[in-house]
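In the numbering used here, the protein residues as written are -1 to 249.
Right under this line is the structure:
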């Protein structure tokens, strides 16, 4: 397992590139496992298998932590590679000879420009992996009116114990509508310009359960319209293994 210490000790681009490749492979592996765990978790909620729910939620939490860890390591490797390339660029320019008295200035400038171009291309390739998702480029920005038009009347929550499943289904709907995106850690976040409207639209689907809506309102009063914070609070309070067992006993 690659650690931050390994990256700190790496001093060459080749070492860092190898470490970054290992981190990317592990990052992909963990994301694939997370998808499988979440599918199994959906099934566990539908079958009311409390033991499986508890085990899978613990595994889900661990995988989310691992994914975040590897993403940070990938970014650290990329930053160090960028720094090495920048130093190489500065050093190369410093070593360039001054124009010879007998050499036309245009020829000297051309050689300088060629070197700068090569270094710039290398830097661009090294940083391309951390750019934002290109699939969203060029798409029309979503507006409040777009969120208002989305009907959720048929998607209201039917059972509090299924809140985790409900969250994932609504997040999939919002992604499909281009109201937000799923990050490398597997977490959904709404676009900043419409996040308030998206969260309020989601709360409409919780309307049959006053306790959920009231808890959500308290969280928003404390943290603002923060999708991740609200999600964690509601799931922790209403979908933890203990909360689910309590709800089942009531029935």
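For each residue, glycine too, the CB sits at the ideal point set by N, CA and C.
Computed from a prediction, not measured in an experiment: that's the story for all the values here.
Straight-line Cα distance separating residue j from residue i
| i | j | result |
| --- | --- | --- |
| residue 10 | residue 80 | 11 Å |
| residue 76 | residue 217 | 36 Å |
| residue 55 | residue 83 | 42 Å |
| residue 181 | residue 147 | 25 Å |
| residue 131 | residue 173 | In this prediction, residue 131 scores a pLDDT of 48, lower than 50, which makes its location untrustworthy; the coordinate-derived value is nonetheless stated afterwards. Cα-Cα distance, rounded: 13 Å. |
| residue 71 | residue 206 | 43 Å |
| residue 190 | residue 171 | 17 Å |
| residue 150 | residue 199 | 8 Å |
| residue 12 | residue 1 | 17 Å |
| residue 74 | residue 58 | 25 Å |
| residue 176 | residue 50 | 33 Å |
| residue 154 | residue 203 | 4 Å |
| residue 25 | residue 41 | 25 Å |
| residue 210 | residue 167 | 17 Å |
| residue 142 | residue 195 | 6 Å |
| residue 232 | residue 215 | 11 Å |
| residue 226 | residue 186 | 8 Å |
| residue 62 | residue 32 | 8 Å |
| residue 5 | residue 64 | 17 Å |
| residue 234 | residue 222 | 18 Å |
| residue 188 | residue 18 | 29 Å |
| residue 60 | residue 208 | 31 Å |
| residue 53 | residue 20 | 28 Å |
| residue 162 | residue 212 | 18 Å |
| residue 145 | residue 219 | 22 Å |
| residue 230 | residue 140 | 25 Å |
| residue 169 | residue 228 | 13 Å |
| residue 236 | residue 27 | 30 Å |
| residue 7 | residue 34 | 35 Å |
| residue -1 | residue 48 | 32 Å |
| residue 152 | residue 3 | 51 Å |
Segment limits, beta strand (DSSP E) that includes residue i
| i | result |
| --- | --- |
| residue 187 | 186 to 188 |
Identity of the residues DSSP links to residue i by a beta bridge
| i | result |
| --- | --- |
| residue 180 | 186 |
Among the options, the one whose alpha carbon lies nearest that of residue i
| i | options | result |
| --- | --- | --- |
| residue 46 | 64, 158, 78, 75 | 158 |
| residue 39 | 175, 189, 160 | 160 |
| residue 201 | 186, 144, 165, 189 | 165 |
| residue 15 | 24, 78, 208, 42 | 78 |
| residue 29 | 176, 69, 51 | 69 |
| residue 193 | 59, 224, 229 | 224 |
| residue 197 | 178, 183, 209, 41 | 178 |
| residue 36 | 219, 22, 184 | 184 |
| residue 66 | 50, 154, 53, 22 | 22 |
| residue 238 | 4, 43, 5, 6 | 43 |
Heavy atom of the ligand NAP within 6 Å of residue i beta-carbon
| i | result |
| --- | --- |
| residue 144 | Ligands displayed in this structure: none; no statement on the ligand NAP is therefore possible. |
Residue i - containing alpha helix (DSSP H), residue span
| i | result |
| --- | --- |
| residue 168 | 161 to 174 |
| residue 147 | 142 to 147 |
* Where are the alpha helix (DSSP H) runs, 4 residues long or more, that stay fully inside the region 6 to 88, in chain order? -> If we require 4 residues or more, the alpha helix (DSSP H) runs fully inside the region 6 to 88 come out as 11 to 45.
* **Whole beta strand (DSSP E) elements within the region 186 to 241, 3-residue minimum** => Fully enclosed beta strand (DSSP E) runs of 3 or longer: 186 to 188.
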